[in-house]
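Undergrad: Below you will find the structure I want to go over with you.
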Amino acid sequence: MEILVCARRVPDTSENEIELNSAGNDIERDELVYSVNEADNYAVEEALQIRDRVGGNVTVVTVDSEDGEEILRRQLAMGANQAALVSDEAFNGSDGKGIATILKAFVEKGHYDLILTGVQADDGAAQVGGMLAAMLDYPFASLVNSIVIEDRKLKVSREIEGGNREVNEIDLPCVLSIQTGINEPRYVGMRGIRQVASVPIPTLAAGDLGVTQASVGEVAAKVKRVDYFVPASSKGAEILHGSREENAARILELVAAKGGLN
Amino acid sequence: MRTVVGIYSPINVADWLVPGRSLFLAMQIAGIACFVYIVSKRMVPLLRAQADPRFDRPLRRLGRVLKFWLGQWKHPRYRFAGTLHIFIFAGFLLLAARAFTVLIVGVSPNFVMPGLSGRFGPIYERLTDYAATVVFLCMVVAVVRRLVFKPARYAVPPKFGKAHTADAIFLLGLIALLMVADSLFSASRFAGLAQQAQSAESPAFLSLPWMLEIAIASTSRATLWGLNVGAYLVHAIAFYFLLCYRPFGIQFHVETSLFSIYFSKLDKGTVKPVRWDVPDEHLDQVKSFGVKTFGDFTWKHILDFYSCADCGRCAENCPSNAVGRPLAPRFLTIKARDYVFQHYPVFGKSNSSKPLIGNIYSEDEIWSCTTCGACEEECPLLVEYIDKIVDLRRGMIDDGNVPQSLQKPLKALESRGNPYGKMEKKRGDWTKSPELQQTGPVKVLDGKNGADTLYFVDSITSYDDRMQAIARATARILTGLGKNFGILGAAEKDSGHEVRRFGEEMLFQGLREHNTEAIKESGVRRIVTSDPHAYNALKHDYRDAPPVEHISQVLASEARAGNLRFNSVDNWLEIKDRVYTYHDPCYLGRHNEVYDDPRDVLDSIPGLKRVEMQRSRDRSFCCGGGGLMLFYEPQEEQRMGVVRVRMAAEAGANVIVTACPFCMVNIEDAIKVAGMEGKMSVIDLTELVDQHMVRTVTHEKEEKLEATTDGG
């Protein structure tokens with residue numbers, strides 16, 4: 024099975040202190056460190072496990088500046104067969120639809136049976152997977168937390184609010200957005216990354232994909248960010264300062280008062 | 023007058039269908055051939071194993087043989103069993119020459135062991151009479167212990183297989199039989215000689231042969247000869263059976279212990295390189311890291327598997343085992359031994375390609391170890407565990423097989439140089455506290471400032487709100503002592519101590535390279551740290567770092583020199599109700615043998631009342647582990663820290679003093695978990711010293727001191 028995973032580089036919230044820049048329209052990016060988006064990492068792991076079961080290839084693609092190579096190397100070290108960086112100045116300022124347009128062009132350059140995306144990026148809006156499927160006219164299942172392969176069909180399930188699970192059948196080729204927790208992604212160590220240090224990663228520009236300048240980037244974006252702010256922390260937290268016994272009694276009292284104990 | 027000094031030959035005694043000499047010779051050749059064959063088969067996995075250069079420093083190794091093998095150094099740690107073992111060991115050594123003589127006289131009647139032909143002969147014989155008696159009695163006691171008293175450490179939990187009691191009893195019984203046969207052989211000879219009036223001598227008074235001689239003295243000559251030959255045969259058969267049976271179980275250590283101890287690890291606190299035969303610079307060419315299959319172990323580690331005597335002392339002292347984690351060092355070895363016996367059989371083909379993880383070991387078992395070293399400290403045979411655990415972890419890291427809970431901190435260490443993912447520029451923020459500004463600001467050695475001493479803070483003490491108090495106390499003490507010191511600040515990265523011990527060697531090497539460079543650039547001549555893990559890393563894992571001391575060593579030497587003095591007890595009355603106990607951090611104590619310095623510092627505080635926990639010094643009980651272990655989510659019944667806090671309470675203490683930030687984290691949490699808040703508290707040695715030291719050094723004096731140190 025030929026599998027494509029669309030991954031993205033994001034500032035890892037656990038390794039950064041996110042602060043607004045002075046202009047107030049973006050975060051301060053000077054000292055950020057980046058990782059592959061967590062849900063995308065699960066998608067890559069799932070692709071590798073499927074490949075190891077049924078054979079085939081896993082390709083990882085990202086739309087980014089040249090810095091995107093960092094996460095592609097990591098995914099190659101994880102075990103992906105190949106990676107591609109899609110990069111062009113013209114892509115800057117693309118909205119979700121713009122990114123989906125670029126990825127659609129990339130998909131059409133190859134032959135993929137299965138396309139996986141993370142359910143959403145840490146700083147994203149969970150748009151690209153669905154849009155990409157619609158543009159390709161492929162079936163789409165979102166929030167997938169289990170995949171069973173049955174010939175040219177898949178049985179995919181997702182969790183419904185409340186913990187129930189729903190199973191759907193979907194035909195290949197298709198696009199799936201992968202939920203975190205679907206598997207346990209393997210660890211990529213320094214050694215793994217060093218071993219793929221010299222593996223070539225092709226860079227494709229707008230021209231290589233046949234993407235017109237007018238369909239992507241800031242010019243084509245119909246959704247535009249107008250503000251970015253950190254909400255003021257609100258009051259409402261009560262901190263108990265008594266002994267353990269006193270605190271336990273107070274908590275019982277509070278929960279009972281809110282109708283939590285019947 | 024003795025005609026034959028030594029042992030009377032059984033060939034002369036009776037008429038046999040087969041001439042005795044040929045029978046005995048055939049038996050002995052067969053016995054020896056069997057033993058040689060079995061041992062050569064046991065050598066196969068050793069010869070195919072990974073390199074392990076243990077042929078250096080022969081004098082030190084011989085010294086260890088004298089101490090740990092001949093001197094049985096570790097045995098008295100378990101007073102009763104250890105003493106029993108010392109008797110058995112001494113008995114075996116004494117009896118060795120006699121056993122060989124007995125075997126040889128079956129073939130060559132006039133043989134006398136060289137050195138035993140003169141006046142020493144009879145004395146030696148008397149000695150061996152007693153030796154056989156003592157060994158026999160020890161066997162009886164050992165069997166009774168196994169069957170009646172059943173020490174807990176011999177028990178085999180169901181998850182690790184079946185009980186080993188039957189095998190142990192069988193072996194003990196065989197040795198007892200050997201002793202009885204030997205004694206009967208001697209007794210029947212003396213009785214025969216006495217009847218012939220050839221000799222008026224008898225075996226050593228009250229020994230087993232002596233008693234047997236009395237019992238059989240009046241039997242007929244024919245019966246005596248029969249007994250003599252029978253005893254000889256039983257002795258020879260039991261001897262060769264034992265010789266050939268030992269390589270199949272726990273008594274193989276009789277043969278292997280000498281080698282295990284000679285080749286034992288000499289460098290405490292270190293971790294073996296990924297491959298002994300590949301330098302760090304060429305590690306990229308190594309196809310696979312760590313131990314994944316049996317063939318990835320080094321030959322010494324396989325020798326360890328053979329040598330383990332299954333005594334269970336390691337597991338009894340292992341904190342992981344004590345809190346119900348799925349790890350007991352004893353079974354790490356026993357399972358490997360069962361595996362090697364099965365996969366490198368005496369008859370048939372060897373095959374060892376199966377992965378060990380998921381087959382004989384579980385992932386959690388291998389991650390459960392805190393590398394505290396209690397097992398290695400206890401083992402009478404000096405079996406190594408930490409290096410094996412680290413090698414197995416390297417294998418799992420290499421396969422990407424790492425718990426999710428550890429992946430985040432490892433990634434953060436890679437991108438930010440600390441496991442918490444905090445910003446590098448905030449590493450030195452603890453120095454900005456107003457209380458430090460009073461005693462004197464801390465220099466950051468960033469090229470503009472220089473200093474004689476580097477305070478290596480490490481990640482937890484730099485970033486953790488609570489542990490920053492240790493950093494500040496250390497800084498104030500160093501200032502108070504007039505030391506010219508500074509920190510690396512943002513240029514410092516995690517020492518990587520646990521990174522290496524969790525098997526992420528390449529990440530560790532990256533951190534080491536960075537820090538080594540930063541230390542070199544700072545131009546310092548020595549390093550002080552308040553973190554025993556950083557201390558151990560800088561001392562043993564780093565190569566070109568200046569000499570490093572733990573703060574407790576600095577404090578002890580300053581106290582001895584009279585530079586560190588404390589306010590008298592009248593100035594701080596509250597201390598009078600307190601009973602302190604010192605908890606040895608594993609990487610300060612066991613791994614680096616710094617036991618007395620922190621105690622000396624405490625004892626130099628006037629009026630401080632200190633008690634020892636039962637498990638202290640080299641038997642200290644790990645608090646739960648440091649570094650990445652704080653992120654690991656083990657399967658356990660209770661926390662190690664809780665067990666430790668209870669031990670302190672049992673000792674009658676209400677304040678635990680420690681000298682490690684990780685001990686502080688674990689013990690502080692444990693006091694809460696155990697519900698002992700208000701009854702027990704914990705303080706770092708630096709904090710205690712900082713609270714009570716006399717600060718005579720003023721800023722002016724400090725400058726003068728700096729000037730002199732810079733000049734010198």
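Residue numbers (the numbering used here), protein chains in the order written: chain A, 24 to 285; chain B, 23 to 734. No residue lacks a Cβ here, since even glycine has one placed at the ideal position from N, Cα and C.
Should Val33 (chain A) be flagged as near chain B, meaning a C-beta pair shorter than 8 Å?
TA: False, the Cβ-Cβ gap to chain B never drops below 8 Å.
Undergrad: Kindly give me the distance between the Cβ atoms of Ala258 (chain B) and Gly128 (chain B), rounded to whole angstroms, as I take these residues to be in contact under 8 Å.
TA: Indeed, because the Cβ distance is near 7 Å, the residues count as touching under 8 Å.
Undergrad: Measuring CA to CA, which of B:Glu514, B:Val66, B:Tyr609 is closest to Lys444 (chain B)?
TA: Closest by alpha carbon: B:Glu514.
Undergrad: Please list the partners that Arg217 (chain A) has in chain B, where partner means a Cβ-to-Cβ separation under 8 Å.
TA: Those within 8 Å of Arg217 (chain A) in chain B are Asp306, Met528.
Undergrad: Starting from Thr82 (chain A), trace the alpha helix (DSSP H) both ways and give me its first and last residue.
TA: Looking at the DSSP string, Thr82 (chain A) is not in any alpha helix (DSSP H); the run it does join, the beta strand (DSSP E), is 80 to 86.
Undergrad: Do we get a CB-CB distance below 8 Å when we pair Ser256 (chain A) with the residues of chain B?
TA: Cβ-Cβ to chain B under 8 Å: no for Ser256 (chain A).
Undergrad: What residue does the beta strand (DSSP E) around Gly508 (chain B) start on, and which one ends it?
TA: Looking at the DSSP string, the run of the beta strand (DSSP E) that includes Gly508 (chain B) is 507 to 509.
Undergrad: Starting from Lys433 (chain B), trace the alpha helix (DSSP H) both ways and give me its first and last residue.
TA: Where Lys433 (chain B) is concerned, the enclosing alpha helix (DSSP H) stretches over 426 to 438.
Undergrad: So for Pro194 (chain A), helix, strand or coil by DSSP?
TA: Residue identity differs from the one stated: residue 194 (chain A) is Asp in this sequence, not Pro. Three-state result, Asp194 (chain A): strand.
Undergrad: For a test of the three-state rule: what should DSSP assign to Ile705 (chain B), helix, strand or coil?
TA: Correct three-state label for Ile705 (chain B): strand.
Undergrad: Using the Cβ count rule (16 or more neighbours within 10 Å means buried), how would you classify Gly265 (chain A)?
TA: Classification for Gly265 (chain A): exposed.
Undergrad: Mind listing the chain E neighbours of Glu399 (chain B)? Cutoff is C-beta to C-beta under 9 Å, in chain order.
TA: Protein chains A and B are contained in the structure displayed, whereas chain E is not.
Undergrad: Quick test of your reading: Asp480 (chain B) and Asp553 (chain B), contact by CB under 8 Å. State the CB separation rounded to the nearest angstrom.
TA: Indeed, because the Cβ distance is near 5 Å, the residues count as touching under 8 Å.
Undergrad: Under three-state DSSP, which class holds Gln72 (chain B)?
TA: Reduced to three states, the DSSP call for Gln72 (chain B) is strand.
Undergrad: Could you give the DSSP three-state label for Thr2 (chain B): helix, strand or coil?
TA: This structure does not reach residue 2 (chain B), given that chain B is present from 23 up to 734, and the question cannot be answered.
Undergrad: With burial defined as no fewer than 16 other Cβ atoms inside 10 Å of the residue's Cβ, what is the status of Ser44 (chain B): buried or exposed?
TA: Under this definition Ser44 (chain B) is an exposed residue.
Undergrad: Just reading off the alpha helix (DSSP H) that Cys29 (chain A) is part of, what are its end residues?
TA: Element bounds for Cys29 (chain A): not the alpha helix (DSSP H) but the beta strand (DSSP E), 25 to 29.
Undergrad: Anything in chain A within Cβ reach of Lys433 (chain B), meaning under 7 Å, just list it in chain order.
TA: What Lys433 (chain B) touches in chain A: Ser58.
Undergrad: Consider the Cβ of Val81 (chain A): report whether some Cβ of chain B lies at a distance smaller than 8 Å.
TA: Taking Cβ atoms only, chain B never reaches closer than 8 Å to Val81 (chain A), which makes this a no.
Undergrad: Tell me the DSSP secondary structure of Lys631 (chain B) in three-state form.
TA: Here Lys631 (chain B) sits in strand by DSSP.
Undergrad: For the beta strand (DSSP E) that contains Tyr602 (chain B), what are its first and last residues?
TA: It spans 601 to 604 - the beta strand (DSSP E) in which Tyr602 (chain B) sits, taken as one unbroken run.
Undergrad: What is the DSSP secondary structure of Val251 (chain B), reduced to helix, strand or coil?
TA: Of the three classes helix, strand and coil, the one that applies to Val251 (chain B) here is helix, per DSSP.
Undergrad: Report the residues of the stretch 375 to 388 of chain B with a CB closer than 9 Å to any CB of chain A, ordered along the chain.
TA: Listed by position along the chain: nothing, the set is empty.
Undergrad: I need the boundaries of the alpha helix (DSSP H) containing Ile274 (chain A), first residue and last residue.
TA: Residues 267 to 280.
Undergrad: Please work out which residues of its chain come closer than 7 Å, Cβ to Cβ, to Ser279 (chain B), disregarding the five sequence neighbours upstream and downstream, and give them in chain order.
TA: Same-chain partners within the cutoff: Trp91, Ser329, Leu403.
Undergrad: Would Phe524 (chain B) count as contacting chain A if we go by Cβ distances under 8 Å?
TA: So, not an interface residue.
Undergrad: Considering only C-alpha positions, which residue in the set A:Gly116, A:Asn270, A:Gly204 is nearest to Asn168 (chain A)?
TA: The shortest Cα separation from Asn168 (chain A) among A:Gly116, A:Asn270, A:Gly204 belongs to A:Gly204.
Undergrad: Would Asp302 (chain B) and Gln531 (chain B) qualify as a contact pair, given that the criterion is a beta-carbon distance under 8 Å?
TA: Yes.
Undergrad: Below 7 Å CB to CB, which residues in the same chain sit around Cys397 (chain B) once its five sequence neighbours on both sides are set aside?
TA: Within the same chain, Cys397 (chain B) has close Cβ partners Cys336, Asn339, Cys340, Pro351, Tyr407.
Undergrad: Nearest to His536 (chain B) by CA position, among B:Tyr564, B:Gly525, B:Ala253, is which residue?
TA: The shortest Cα separation from His536 (chain B) among B:Tyr564, B:Gly525, B:Ala253 belongs to B:Tyr564.
Undergrad: Helix, strand or coil for Gly183 (chain B)? Go by DSSP, reduced to three states.
TA: Looking at Gly183 (chain B) - three-state DSSP - the assignment turns out to be coil, as it is neither helix nor strand.
Undergrad: According to DSSP, is His721 (chain B) helix, strand or coil?
TA: Low confidence applies to His721 (chain B): its pLDDT is 46, below 50, so where it sits in the model is not reliable, and the reading given next is rough at best. DSSP places His721 (chain B) in helix when its eight states are reduced to three.
Undergrad: For the beta strand (DSSP E) containing His323 (chain B), list its first residue and its last residue.
TA: Element bounds for His323 (chain B): not the beta strand (DSSP E) but the alpha helix (DSSP H), 321 to 329.
Undergrad: By DSSP's criteria, Ala243 (chain A) is part of a beta bridge. Which residues make up the other side?
TA: Per DSSP, none; premise fails for Ala243 (chain A).
Undergrad: Give, in chain order, every residue of the stretch 300 to 327 of chain B whose Cβ lies closer than 7 Å to some Cβ of chain A.
TA: So the list reads Asp306, Phe311, given in the order they occur along the chain.
Undergrad: Among A:Asn44, A:Ile26, A:Ser180, which one has its Cα closest to the Cα of Thr140 (chain A)?
TA: The shortest C-alpha separation from Thr140 (chain A) is found at A:Ile26.
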